[in-house]
Each structure stands twice: as C-alpha cells, then as structure tokens.
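Going by numbering that gives the first Met the number 0, the sequence shown opens with residue 0, and the numbers climb by one from there.
Ideal placement from N, C-alpha and C gives every residue a C-beta, glycine not left out.
Predicted model, so just to flag it, every value in this text is computed and none were measured.
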Amino acid sequence: MKITVIGCGYVGLVTGGCLAAVGHHVTCVDNDPKKIIALEAGHIPIYELHLEEVIAACRKDGRIKFSGDLPSAIQEGEAIFICVGTPPLENGEADLSAIDSVARIIAAEAHGPKLVVEKSTVPVQTGQQLKRALEVYGRKSGAHFRVVSNPEFLREGTAVLDFMHPDRIVVGVEDEAAAKQMREIYAPILDRKFKCPVHPQGCPAGEKPHYLVTTINSSELIKHACNSFLALKISYANVLADLCERLGGNIEEVTRAMGMDPRIGPFFLKAGIGFGGFCLPKDLQAFVALARRAGVDFSLLREAENVNKDRIEQFLAKIRRALWVLKGKQVGLLGLTFKANTDDIRFAPSIDLIRKLLAEGASLRAYDPEAMERTRETFPQVRYADPYEVADKADALLIVTEWEEFKKLDWARVRDSMMRPLVFDGRNLLDPAKMRELGFEYQSIGRP
Ligand code: UDX
C-alpha cells in the first residue's frame, strides 16, 4: 500500500521505516527542511537500535523516501499516518495544534478516499475533532476520509523490535472497511511474514500479536490508560523503596515476589530516581488534565506524579547527608539519558538533578555514551568527559542511567582515583556487596 507518514520524529521514523520494511511504499514528510535534507543524505537524526539499517535497506529498494512536499505526499498516500508531536501545554493538556494544522492541509489537498490514521498520542475525542476538521475543511475537495486511531506503544531503545513484534495492535474505527484496511497494512506483522531486522537468524517462536478493533474513543483511552498505569506501577515501587529504606527491607526482594503474581506482573516495578522521557510524564499529566475537564477526579494519578517529582529531592537528601555541604564539592554523573539505549534527555531525571546540584554550588562532571553533546547545550558549565575522568578526584559519583557499560567499568581504578569512594546508585545497577567489598561507601535505592 502507498503510505504517507507525517512527522519525522521517533514515532514517525520508526513507523515509516518499519512499514516500508514489511513491504509498503512509504513517503515520510516533515515541515523541517533541515531534517528532510539530513534524512535524504542518509542521516537518521535519532539514535534507535536497528532503525538506520532498516531505513537504509528500504531506501535502496525504493520503498521509502523523504520529502518536504506535504500536498504531493497527501495526494500519493492511500493511508496517511499522523505522527506529529503533541507536547504538553502549561496546564498539562496536550497541545494539539500540529494535528489541527495537518488535518486542515490533508482536507484541502486530498482527492479520493483516504484513510487518516492518528498515531500521535492524543486525548480521547481527538479522533472526533479530527474527523470534523477533515469534513469541514475538505468539503470542496470531494475527498472521502476514514479516521482511525492506532496508538503506538513502542519504547525508545527497542522501538523497531516493539513495532515488528507488538503484543497487540489496537485500531479504533468507525466502520468495518477501515478495520479491514488497517488489517491489510499490518498483515505482515500480524501473520509474522516479514524479514525481521532485529532477528536476522529468524524470530523466536512466540504468540502472534493480538489485533484489537475498538471504537475510536476507546482506542485513544487505551494509550493514556496504559502509560498512566505504567507510571503508577513505577511510583508504587518507588514508595515501597522508601519504606524499605526506613523500615528495613530490600525493594528487589519485595518486587520480585510481587512480580511472580500474574495479577501484578514483574515489569515496571524497578525502583530508581523516577520515570522520565517524553511519554510517561507528559501522558500522565495529560490524562489527569483530561479527567479533570471531564469532571472525574483522578488524583490517584496526581499522586503518582508527585511521588515521581519527589525522587530527585530524596536522592539529593541522601547526597547532602553524606557530603554535608555541596558547595565546592566535585560530583560526577554517570548517565544523562532518561533510560539506557537511547540518546533522549527529554524530561530525564538528570536534568532536574544537574540543575539542583549546580544551584547548590557543586562542580559537575558527566559522562553519557549518547547524550553529552545534547546536554552540553543546556548545561555548558558541566564538564563532559570519559567515566574515569568523571570519577577523578570526585567527592561522589552518581549513577543516573542504567547503561550496561557502567557495570563493566574498572571499579577498583574508579575507587583509587576518587577523592572519596562514595557512590550513589540511582538505578540499582551495581551489586551492593561487591561495591562494599571493593571499599566503596555505596548507597542505592531501597536496598540495605
Ligand atoms: C513509554 C511506554 O513504555 C511506551 O509503551 C510508550 O509508547 C511510550 O512511553 P519510553 O518513554 O520509551 O516508553 O520509556 P519506558 O521504557 O516506558 O521508561 C519510562 C521511564 O520509566 C524511564 O525513565 C525508565 O527509566 C523508567 N522506569 C521504567 C523505571 O523507573 N522503572 C521501571 O520499572 C521501568
């Protein structure tokens, strides 16, 4: 099928690349000419495992192209995937202006039937507004629009894997024909008939993805409901970790046993310095705002948000207790991204942490395998260096992201170079017994 993807951000590039990889002909458009020039030159502006190879292979086969010409791309595509950003407004609600603007252009430029797929995360009832905008602004074009909500559940860092091997594909539709067309688009993935870029030796056997057809409103709700529930689970684990610290207990033992109960499940119970990234915090806020507007009290979620906001303060309190005065102390940060295997620092715990440490007069050095340049733009006063230089003469070292490579550091060398061998592990990445054996003063989250 000929597919147009509007928006070349994380979701757009992964969607476009993967749909091309399973056999469709995809045009990805963006209103940022610099981005299009870079993509045409083969440069992928985000760090995402497998994505570069996927896109390069599809370009070679002529199944994907990049363009700044939105009207032509709209006319070409049988299905148009809207993957534009919906950033948070001051009041926590999602800013839908990009969707609105794209809708009006689609309405004006389309001829013939178009399947318009809303993939950006949006509040419930956006599909209805989108449909109305298409009808109102497209009344002269004679085009016919079918609106579909098709939320994206991919995680940064494993986005290609998640797209190719989803647990479920949810489509919110108004009629059978739209559900059928969506089924056709996803047929290779649903039937597992594609050459997998993640498993070149063959995909592991497993259940095929569920294909769920719902109303548009339900589909939109599903996405917010999932992300908010994940946030709730993390905050729950983080408060449990606080309890473990105060009353004695080991959060890992507690959550491990909890996870063995299939009603709870083992995932998203990892305690740490809080959730970040562009989705969880923003979707949680948007869901709370949406509930408030609908007259429903979802303060349960607001608490999850409060617990999360408090994480950095709690972490800092531990650092202050150990270092006493932060002014003039040298503190090293290992990890800047909001989680490992991404280059994304949006709403990363590191940002808040750096801001507060600097405000207290600490002198900072930081290392991250992917995000040092990006962080330098916001914090030029931090010195960026390799992990050993970050540790050199430091009064304390903070593990802020759970990059695997930090486990493999020569920790004896780190210990010897530090002014004081003090490590605060905000991700419970290292083994407390080993660290103490090595002579570190070591503190982690919710572990004795
Ligand atoms: C999330 C959702 O998982 C995904 O389905 C949705 O499409 C987009 O939002 P992502 O933002 O890539 O994906 O990150 P995710 O892996 O969910 O992690 C979010 C944050 O929670 C990270 O900061 C991570 O470190 C933190 N986290 C995650 C925990 O602190 N503990 C956990 O147990 C899991």
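Check, Outcome
"Short Cβ contact (8 Å threshold) for E244 with G445", "yes"
"Closest by C-alpha distance to V504, when choosing among I215, L332, P86 and A270", "With the chain covering only 0 through 447, there is no way to say anything about residue 504."
"N305 CB to nearest heavy atom of the ligand UDX below 7 Å", "no"
"Own chain residues within Cβ distance below 6 Å of Y185, not counting five before or after", "I168"
"Where V381 sits in the DSSP three-state scheme", "coil"
"Cα-Cα separation, F266 to T341", "19 Å"
"Selection from G11, Q380, V389 and A56 that minimises the alpha carbon distance to V330", "V389"
"First and last residue of the uninterrupted beta strand (DSSP E) at Y441", "E440 to Q442"
"Cα-Cα separation, K113 to G76", "8 Å"
"Length at least 4, wholly inside the region 84-113: the alpha helix (DSSP H) runs in chain order", "96-108"
"Residue range of the unbroken beta strand (DSSP E) whose run includes T26", "H24 to V28"
"Lining residues of the ligand UDX - beta-carbon closer than 6 Å to any non-hydrogen atom, in sequence order", "E151, F152, L153, R154, E155, N226, L229, I233, F267, L268, K269, G271, F274, G275, G276, C278, L279, F337 and K338"
"Beta-carbon proximity check, L279 vs G156, cutoff 8 Å", "no"
"For D190, the nearest candidate out of R382, R182 and P196 (CA to CA)", "R182"
"Residue ranges of each alpha helix (DSSP H) within the region 153-226, 4 or longer", "158-163 and 175-189"
"Beta-carbon gap between G91 and V287 smaller than 8 Å", "yes"
"Candidates L153, P199 and F144: closest to Q180 by CA position", "F144"
"Span separating the alpha-carbon of S416 from that of L239", "35 Å"
"Complete runs of the alpha helix (DSSP H) confined to the region 270-317 [at least 4 residues]", "279-292"
"Spatial distance of L235 from T400 (CA atoms)", "The amino acid occupying residue 235 in the given sequence is Tyr; Leu does not appear at that position. So the two alpha carbons sit approximately 20 Å from each other."
"Residue interval of the alpha helix (DSSP H) (run including L133)", "T125 to Y136"
"G126 versus K281 - alpha carbon distance", "19 Å"
"Check whether W402 and P447 have beta carbons under 8 Å apart", "no"
"Buried/exposed call for K338, threshold 16 Cβ in 10 Å", "buried"
"Residues near S140 in its chain [Cβ-Cβ closer than 8 Å; skip 5 each side]", "A106, A107, E108, A109 and H110"
"Contact check, T14 vs V4, beta carbons under 8 Å", "yes"
"Proximity below 8 Å, CB of L437 to CB of F405", "no"
"Paired residues, beta bridge with V422 - DSSP", "L396 and Y441"
"Inter-residue Cα distance where the pair is K315 and D409", "Before going on, a small fix: residue 315 reads as Leu here, not Lys. Cα to Cα, L315 sits roughly 26 Å from D409."
"For K338, the three-state DSSP class (helix, strand or coil)", "coil"
"Rounded separation between R412 and P420 - CA only", "11 Å"
"When R138, G327 and V147 are compared against G360, the one with the closest alpha-carbon", "G327"
"For I344, three-class secondary structure by DSSP", "coil"
"N-terminal and C-terminal residue of the alpha helix (DSSP H) that V53 is part of", "L50 to K59"
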